[in-house]
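Chemist:
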Amino acid sequence: MEWFDVAYPEVIELRRKLYPSRDHYHLVASSVTERGWLDAVPGDRPAMVVAEGLTPYLAADEGPKLFSRLVSHLASGELVCDAYSDLGLKLVRLSPPFRATGAELHWAINDPRVLEQAVPGLRLVEETRPTSPNTLPA
Ligand SMILES: C[S@@+](CC[C@H](N)C(=O)[O-])C[C@H]1O[C@@H](n2cnc3c(N)ncnc32)[C@H](O)[C@@H]1O
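Sequential numbering from 34 applies to the sequence shown in this note's numbering.
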């Protein structure tokens, strides 16, 4: 298996300092919204794409474009991502720890089924909300 971490160049620089280099582990210094980075990723085998904490940072029109490029490039696979609703984004923007970062949030996904319509080839397998029975403490 080959694993690719895609992040901004300054984040990749930090990762290089913190994580030992390993066989089959690739660091890709790029915005995920740039087109070139996928060229380094083999498209001929099943893939697992993990986007944790990423979607709110993307512009609302960039997110579906990115997912469409992934679906076109990869032979098959699964995408796991988290997302905030509009209300969720508003609440995060109000939180002092987040405000201290100066980061900006853009893309809210209120219903993941909208993504199925926006991205041909993407199929919703499962959605888990904070209020779903399997995410509430027992
Ligand atoms: C909440 S953190 C999630 C961290 C991530 N799960 C990890 O393991 O590094 C959000 C991350 O998304 C990155 N990010 C935001 N927009 C990006 C973009 N267009 N391209 C690449 N990384 C981006 C930020 O630099 C930050 O590292």
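Ideal Cβ positions, reconstructed from N, Cα and C, are used throughout, including at glycine.
Can you determine whether any heavy atom of ligand 1 sits closer than 7 Å to the C-beta of V158, and answer yes or no?
Modeler: For ligand 1, not one heavy atom lies less than 7 Å from the Cβ of V158.
Chemist: Quick one: give me the first and last residue of the beta strand (DSSP E) that V61 is part of.
Modeler: Here the beta strand (DSSP E) through V61 covers 58 to 62.
Chemist: Can you tell me whether V65 is buried or exposed? The criterion is at least 16 other CB atoms within 10 Å of its CB, across all chains shown.
Modeler: Buried is the call here.
Chemist: With H, G and I counted as helix, E and B as strand and the rest as coil, what does DSSP make of V39?
Modeler: In this structure, V39 counts as strand in the three-state DSSP scheme.
Chemist: Just to confirm my understanding: we take L157, look at its own chain, exclude 5 residues before and 5 after, and list those with CB closer than 7 Å. What are they?
Modeler: If we look at L157 and ignore the five residues flanking it on each side, its Cβ neighbours are P145, R146, E149.
Chemist: Measure the alpha-carbon distance for S105 versus L99 and round it to whole angstroms.
Modeler: So the alpha carbons of these two residues sit roughly 10 Å apart.
Chemist: Is it right to say A93 is buried, meaning 16 or more other beta carbons lie within 10 angstroms of its own, or is it exposed?
Modeler: Flag for A93 reads exposed.
Chemist: Which class does A136 belong to by DSSP, given the choice of helix, strand or coil?
Modeler: Three-state DSSP puts A136 in coil, outside helix and strand.
Chemist: Curious, which full-length alpha helix (DSSP H) runs of at least 4 residues does the region 70 to 146 contain?
Modeler: Taking only runs of at least 4 residues, the alpha helix (DSSP H) segments lying wholly in the region 70 to 146 are 95 to 106, 119 to 127, 129 to 134.
Chemist: How big is the Cα-Cα spacing for D38 and H59?
Modeler: Cα to Cα, D38 sits roughly 6 Å from H59.
Chemist: Is the Cβ-Cβ distance between H139 and L103 less than 8 Å?
Modeler: No, the pair does not count as a contact, with Cβ atoms beyond the cut-off.
Chemist: Is the region 124 to 144 in contact with the region 81 to 90, if contact means three or more CB pairs nearer than 8 Å?
Modeler: Enough Cβ pairs lie closer than 8 Å, so yes.
Chemist: Beta-carbon within less than 7 Å of M81's beta-carbon, same chain only, minus the 5 sequence neighbours each way: which residues are those?
Modeler: The residues are G110, E111.
Chemist: Hey, S101 and V152 are a contact pair by Cβ (cut 8 Å); roughly how many whole angstroms apart?
Modeler: With 8 Å as the limit, S101 and V152 qualify as a contact, their Cβ atoms being about 5 Å apart.
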